[in-house]
Amino acid sequence: MSSKEKAISLIQNLDDDVSIDDVIDRLYLLRKIELGIVQADTGDVMEHDAFMDELEAEDAQQLDLLDATIARRSPFGARSYRA
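Have a look at this one:
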């Protein structure tokens, strides 16, 4: 099935009162799912533990930035939002 046919099929199965934003969201989701399937089929995947490590590192970096911003702006001194 071509991309055009998939898009038409998706739109035809939506409610008649669907918004353009909802159509775009559904098309975007369909595309992301298709890309994920291709990545899985080609072995372009990440192990769960590696993903979680990367996610935790990004989270820690964001918390560091938040702590630094609060320390700079707050008249009450530095605070941390870490658990």
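Under our numbering, the residue at position 38 of the sequence shown is numbered 46, and the numbers go up by one with no gaps.
For every residue, glycine included, the Cβ atom is placed at its ideal position computed from N, Cα and C.
Cβ shell of residue i (< 7 Å), same chain only, five flanking positions each side left out
i, result
"Ala15", "Leu35"
"Leu18", "Arg34, Leu35, Leu38"
Enclosing alpha helix (DSSP H) for residue i [first to last residue]
i, result
"Met9", "Where Met9 is concerned, there is no enclosing alpha helix (DSSP H), given that its DSSP letter is neither H nor E."
CB of residue i within 8 Å of CB of residue j, strictly
i, j, result
"Val31", "Leu22", "yes"
Any C-beta of chain B under 8 Å from that of residue i
i, result
"Asp72", "This model lacks chain B altogether, as it is built from one protein chain only."
Three-way DSSP call (helix, strand, coil) for residue i in this model
i, result
"Val53", "coil"
"Ala75", "This sequence places Asp at residue 75; Ala is not what is there. Three-state DSSP puts Asp75 in a helix."
"Val31", "helix"
"Asp24", "coil"
Cutoff 8 Å; reference residue i; Cβ partners in own chain excluding five residues on either side
i, result
"Arg80", "none"
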